[in-house]
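Chains as they are written, first to last, in my numbering: chain L, 3 to 270; chain V, 3 to 201; chain P, 509 to 611.
Structure, rendered in structure tokens:
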């Protein structure tokens, strides 16, 4: 009687073992990441971003050294970690991409059309200027605390708008961000899904983007990730640096506040 | 009692106003892409009501109305006409494409069931957003079970308002034939979904 | 914007650390396309790293290496300004090459 129970129990455990290892998928990728150590193919993109910052470009043949990312003109160390934030000169809350767009237009004389023509790489591309700049700027905030602005009323309403948009069910599939990211311990196929409404999940996500996406061989930004989420939600194209893009990033960054930036990260 | 009703009405109106701001902001933040246009930002009554955290119950009366109207609008097949081909259903369950601006609108949409559900016990790449459907066929093929499964697939809100499962029939994501094939994938004793069941 | 091979060579202590990112699909030949046809094998078979034209790494790769390989290696005896070259050859006879100076 007892030995039969034991036999059944051990065969049950054997059956469950492969399921257990699949449930530990994240652990496997963590091991893979650990093998890289400090290495990250993003180093090359970071170098390109630095070159672009100091490169004379546009009709005005100017560099981006005069660009104010919130800590003063040309101050890049720690700037990414304090975005999104309110800017008096544009009277709006801005993320890294909309701020870079502003500087490219004002300082370099580039047009909005050319900046928005192809800000993110398409399949097979080797990287865009925006991706390289964001990679370098994120690197300048590595190890620093995520601290988006929330003192200004516009910053607080940006957070509230971001929260509204997070739960916005729409499109033929009725998806919102919360469909996938509104609870913990879930995954889509084998990809684990952070709970972005809670500090831990938001911190994991916000601190690791931009990231070198191994499957694509390029660096992707948080702005791109949100655009791609909306695509997968069967929604139209999210405009880079738009009010909604900024609001959603504000929502994430505030939920992540206090955690340490570790970008560019490394992702599948 | 009257004060509570007035307050509730005020809250709903304020929420509606705030929500309209969100819709306006999103619309101005998006652009048409290929065949996917800004009309998708317009929400119907169900989507508006369900644009809230899972923990928030929402107004019971509205929920009941939405559930009843969802149920009433489901076209149920005639008896004996619920099940298609499980092999085609398997393909629908595995196919995650359809209705994205990166998809080919000439191709049929998939159901992407594996994104959220476990089905075939031998398939390890399954999601956990929804409950496991492995061995679903154990429920048998009584008329009520066939109808329940069909209605759930067509419009899950007929039973569970604010579920995050898409309205595969009501929203026109899958065709009637595709849905019947998915029914077979779930209920046919020969389907791999039911391979673990004692025959 | 970026080339098919990007290289970085940095002195760290008494060794020079080389990192290279190669743009290559590394097709195993086992994948099938939408029509069920096998995608032809195309993968790097040999990688060479030289320091001032002297070979410091000679590697033989195969289909098991994933797409866009990221190579990291160290060798002793480099100085700032020395030239480090990385080159590869694939099974279809295609080649890639890049060089940098040690920083």
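The beta carbon of each residue, even a glycine, is placed where N, CA and C say it ideally should be. The structure displayed is predicted, hence computed values, not measured ones.
Item checked: Cutoff 7 Å; reference residue 195/L; Cβ partners in own chain excluding five residues on either side -> Within the same chain, residue 195/L has close Cβ partners 182, 183, 188 and 189.
Notebook entry, point to check: Start and end of the beta strand (DSSP E) containing residue 556/P?
Noted result: Following the DSSP letters along the chain, one finds residue 556/P inside the beta strand (DSSP E) bounded by residues 552 to 559.
Notebook entry, point to check: Using the beta-carbon of each residue, which ones in chain P are nearer than 9 Å to residue 43/L?
Noted result: Residues of chain P passing the Cβ test: 514, 527, 529, 576 and 578.
Notebook entry, point to check: What residues in the segment 190 to 224 of chain L have a beta carbon less than 7 Å from any beta carbon of chain P?
Noted result: Here the close residues are 219.
Next item on the list: With hydrogens ignored, establish whether the beta-carbon of residue 112/L is closer than 7 Å to any heavy atom of the ligand GTP.
Entry: With respect to the ligand GTP, the structure shown offers nothing to examine, as it has no ligands at all.
Notebook entry, point to check: Apart from the five residues on each side of it in sequence, which residues of its chain come closer than 6 Å, Cβ to Cβ, to residue 571/P?
Noted result: Cβ neighbours of residue 571/P beyond the five flanking positions: 536 and 551.
Note to self: Within 8 Å, do at least three Cβ pairs link the segment 157 to 169 of chain L to the segment 234 to 254 of chain L?
What the structure shows: They touch, by the three-pair rule.
Checklist line | For residue 189/L, the first and last residue of its enclosing beta strand (DSSP E) | finding: If you look at residue 189/L, you'll find it in the beta strand (DSSP E) that goes 188 to 190.
Item checked: Same chain, Cβ closer than 8 Å to residue 199/V, five either side skipped, listed in chain order -> These residues qualify, in order along the chain: 137, 139, 140 and 191.
Next item on the list: Using a Cβ-Cβ cut-off of less than 9 Å, list which residues of the segment 247 to 265 of chain L approach chain V; keep chain order.
Entry: Residues 247, 248 and 249.
Item checked: Which of helix, strand or coil DSSP assigns to residue 172/V -> In the structure shown, residue 172/V sits in coil (DSSP, three-state: anything other than H, G, I, E or B).
Check: At a CB-CB cut-off below 8 Å, which residues of chain L make contact with residue 67/V?
Finding: Under the 8 Å cutoff, chain L gives no residues; its nearest Cβ is about 17 Å from residue 67/V.
Next item on the list: Excluding the 5 residues preceding and the 5 following residue 148/V in the sequence, name in chain order all residues of the same chain whose CB lies nearer than 6 Å to its CB.
Entry: Counting only Cβ-Cβ distances below 6 Å, and skipping sequence neighbours, we find 84.
Notebook entry, point to check: So, using beta-carbon positions, are residue 83/L and residue 30/L closer together than 8 Å?
Noted result: Their beta carbons are not under 8 Å apart, which means residue 83/L does not touch residue 30/L by this criterion.
Check: Are the segment 580 to 590 of chain P and the segment 540 to 556 of chain P in contact at 8 Å, needing three or more beta carbon pairs?
Finding: Proximity of the segment 580 to 590 of chain P to the segment 540 to 556 of chain P falls short of the contact definition, fewer than three beta-carbon pairs being nearer than 8 Å.
Next item on the list: Please confirm whether residue 78/L and residue 85/L have their CB atoms less than 8 Å apart.
Entry: For residue 78/L and residue 85/L, no; Cβs fall outside 8 Å.
Item checked: Residue interval of the beta strand (DSSP E) (run including residue 218/L) -> For residue 218/L, there is no enclosing beta strand (DSSP E), as DSSP gives it neither H nor E.
Item checked: Pairwise C-alpha distance: residue 175/V and residue 62/V -> Here the alpha carbons of residue 175/V and residue 62/V stand approximately 28 Å from one another.
Note to self: Can you give me the C-alpha to C-alpha distance between residue 122/V and residue 194/V, rounded to a whole angstrom?
What the structure shows: Whole-angstrom Cα-Cα distance: 5 Å.
Check: residue 102/L and residue 132/L: beta carbons closer than 8 Å?
Finding: Going by C-beta atoms, residue 102/L is nearer than 8 Å to residue 132/L.
Next item on the list: Buried or exposed for residue 82/V, please, with buried defined as at least 16 other CB atoms from any protein chain shown within 10 angstroms of its CB.
Entry: Its Cβ having fewer than 16 others within 10 Å, residue 82/V is exposed.
Next item on the list: Determine contact between the segment 60 to 79 of chain V and the segment 196 to 215 of chain L, defined as no fewer than three beta-carbon pairs at a distance below 8 Å.
Entry: Taking a cut-off of 8 Å for Cβ pairs, the segment 60 to 79 of chain V and the segment 196 to 215 of chain L do not touch, as fewer than three such pairs fall below it.
Check: Is residue 509/P helix, strand or coil by DSSP?
Finding: For residue 509/P, the predicted structure reports a pLDDT of 31, less than 50, and the residue's modelled location is therefore unreliable. The matter cannot be settled from this model.
Notebook entry, point to check: Is the beta carbon of residue 109/L sitting closer than 8 Å to the one on residue 68/L?
Noted result: Taking 8 Å as the Cβ cut-off, residue 109/L and residue 68/L qualify as a contacting pair.
Margin query: What residue range does the beta strand (DSSP E) around residue 526/P cover?
Written below: Taken as a continuous stretch (DSSP letters only), the beta strand (DSSP E) holding residue 526/P covers 523 to 530.
Checklist line | For residue 189/V, the nearest candidate out of 54/V, 55/V, 22/V and 143/V (CA to CA) | finding: Taking only the C-alpha atoms, the option nearest residue 189/V is 143/V.
Check: Would you say residue 268/L reaches chain P, if we count a Cβ-Cβ gap shorter than 8 Å as a contact?
Finding: No, residue 268/L lies away from the interface with chain P (no Cβ there is under 8 Å from its Cβ).
Notebook entry, point to check: Around the C-beta of residue 56/L, are 16 or more other C-beta atoms found within 10 angstroms, so that it is buried, or is it exposed?
Noted result: Counting Cβ neighbours within 10 Å, residue 56/L comes out exposed, since fewer than 16 surround it.
Item checked: Cβ-based neighbour list, residue 2/L, same chain, cut-off 6 Å, excluding 5 preceding and 5 following -> Residue 2/L cannot be examined here, being either before or after the span of chain L that is shown, 3 to 270.
Next item on the list: Run down chain V in chain order and give the residues with a C-beta less than 8 Å from the C-beta of residue 182/L.
Entry: Within chain V, the C-beta atoms nearer than 8 Å to that of residue 182/L come from 131, in chain order.
Note to self: Please report the distance separating the alpha-carbon of residue 67/V from that of residue 107/V.
What the structure shows: Using only the alpha carbons, I get a separation of about 34 Å.
Notebook entry, point to check: To the nearest whole angstrom, what separates the beta carbons of residue 38/L and residue 268/L, a pair I think is in contact under 8 Å?
Noted result: Indeed, because the Cβ distance is near 6 Å, the residues count as touching under 8 Å.
Notebook entry, point to check: How would you call residue 593/P, buried or exposed, if buried means at least 16 neighbouring beta carbons within 10 angstroms?
Noted result: Counting Cβ neighbours within 10 Å, residue 593/P comes out buried, since at least 16 surround it.
Notebook entry, point to check: By how many angstroms is the C-alpha of residue 48/V removed from the C-alpha of residue 159/V?
Noted result: If you take the alpha carbons of residue 159/V and residue 48/V, they lie about 9 Å apart.
Notebook entry, point to check: Can you tell me the Cα-Cα spacing of residue 135/V and residue 527/P, whole angstroms?
Noted result: Rounded to the nearest whole angstrom, the C-alpha separation of residue 135/V and residue 527/P is 47 Å.
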